[in-house]
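**Q** Pasting a structure below so you can have a look.
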Amino acid sequence: NGKMKRDERMVKNPDVKVVDFGNATYDHEYHTTVVSTRHYRAPEVILELGWDHSCDIWSLGCILIEYYLGTTLFQTHDSKEHLAMMERVLGPIPTHMLQKTRKRRYVHRDKLDWDVHSSSGRYVRKHCKPLKNYMTSKSLAHEELFDLLEKMLDYDVTKRISLDDAIKHPFFDAFRKGHK
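Residue numbers in the sequence shown follow the UniProt record's numbering, run continuously in steps of one, and reach 180 at the last position.
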């Protein structure tokens, strides 16, 4: 559409195809400590708190925001920096998670042990901002997307939206109406 902004993208086909089950496991099977692509890795995986299918919801949230931004949200290869980026975007990691982790080098006095004045700290401050600040429009579609993202990127796995509820989220209503 010639009237659209150059960088604005439209979804033409919302169908999703899962193509790689190489590391898939059943709930009753052994779970390795570290799973997921680095940039999409959930905090409970990084902190080695155990994981289940809800870490896939986190990963999907990271993929959705990547589609929106055109770049990965958590662009790092260091676990502590990754956690610092999460805090910058989503707020503090809950104390109970930091208290439970065996990764003690990430924690000091029940907080993420992170020096905001280090070169890495400056990088995080420069490249990360609170989630809502990434929103480029206040339109309903954008508001609904960011509401869904907040639910997908909830630190607390018991509060993180389920796949069933995510699919029913109002953000997807327009896609459902367009594909009936």
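We put the CB at the ideal spot given by N, CA and C, even for glycine.
Here's the rule I'm using: 16 or more other beta-carbon atoms within 10 Å means buried, otherwise exposed. How should H82 be labelled?
**A** Residue 82 sits at position 82 when you count from the first residue of the sequence shown. Buried.
**Q** Leaving aside the five residues before and after R38 along the sequence, list all residues of the same chain whose C-beta is less than 7 Å from its C-beta, in chain order.
**A** Residue numbering aside, residue 38 sits at position 38 when the sequence shown is read from its first letter. Excluding sequence neighbours, R38 sits near H77.
**Q** Is it right to say S54 is buried, meaning 16 or more other beta carbons lie within 10 angstroms of its own, or is it exposed?
**A** Here residue 54 is taken as the residue at index 54 of the sequence shown, counted from 1. By the neighbour-count rule (16 or more Cβ atoms within 10 Å), S54 is buried.
**Q** Can you tell me whether F74 is buried or exposed, with buried defined as 16 or more other CB within 10 angstroms of its CB?
**A** Locating residue 74 in the sequence shown gives position 74, counting from the first residue. Under this definition F74 is a buried residue.
**Q** Could you pull out every residue in the same chain whose Cβ sits closer than 6 Å to the Cβ of S59, ignoring the five residues on either side in sequence?
**A** Position 59 of the sequence shown, counted from the start, is the residue given in the question as residue 59. Within the same chain, S59 has close Cβ partners S36 and Y40.
**Q** Could you pull out every residue in the same chain whose Cβ sits closer than 7 Å to the Cβ of R176, ignoring the five residues on either side in sequence?
**A** One-based indexing of the sequence shown puts residue 176 at position 176. For R176, where only same-chain residues beyond five positions count, there are no Cβ hits under 7 Å.
**Q** Suppose the cutoff is 7 Å on Cβ atoms and the five residues either side in sequence are ignored; what does the same chain contact list for N1 look like?
**A** On the sequence shown, residue 1 is found 1 positions in, with the first residue counted as 1. Low per-residue confidence applies at N1: pLDDT is 46, beneath 50, and the placement is therefore not dependable, though the value from the model is reported in the following sentence. Take N1, set aside five residues on each side of it, and no residue of its chain has a beta-carbon closer than 7 Å to its own.
**Q** If we ignore side chains and look at the alpha-carbon of each, how far apart do A84 and W114 end up?
**A** As a first step, residue 84 is located in the sequence shown; it is residue number 84 there, counting from the start. As a first step, residue 114 is located in the sequence shown; it is residue number 114 there, counting from the start. If you take the alpha carbons of A84 and W114, they lie about 7 Å apart.
**Q** Identify the continuous alpha helix (DSSP H) that holds S139 and give its terminal residues.
**A** Residue numbering aside, residue 139 sits at position 139 when the sequence shown is read from its first letter. Per DSSP, S139 belongs to no alpha helix (DSSP H) and is neither H nor E.
**Q** Out of curiosity, what's the CA-to-CA distance linking L69 and H142?
**A** The residue given as residue 69 occupies position 69 in the sequence shown. The residue given as residue 142 occupies position 142 in the sequence shown. In a straight line, the C-alpha of L69 is about 12 Å away from that of H142.
**Q** Going by DSSP in three states, K180 sits in which element: helix, strand or coil?
**A** Position 180 of the sequence shown, counted from the start, is the residue given in the question as residue 180. Caution applies to K180, whose pLDDT of 46 falls short of 50 and renders its modelled position unreliable; the value that the coordinates give is listed next. The answer is coil: DSSP assigns K180 none of H, G, I, E or B.
**Q** Where do the ends of the alpha helix (DSSP H) carrying I167 lie?
**A** As a working mapping, residue 167 is identified with position 167 in the sequence shown. Where I167 is concerned, the enclosing alpha helix (DSSP H) stretches over L163 to I167.
**Q** Per the contact definition of three or more C-beta pairs closer than 8 Å, is the stretch 89-98 in contact with the stretch 151-166?
**A** yes
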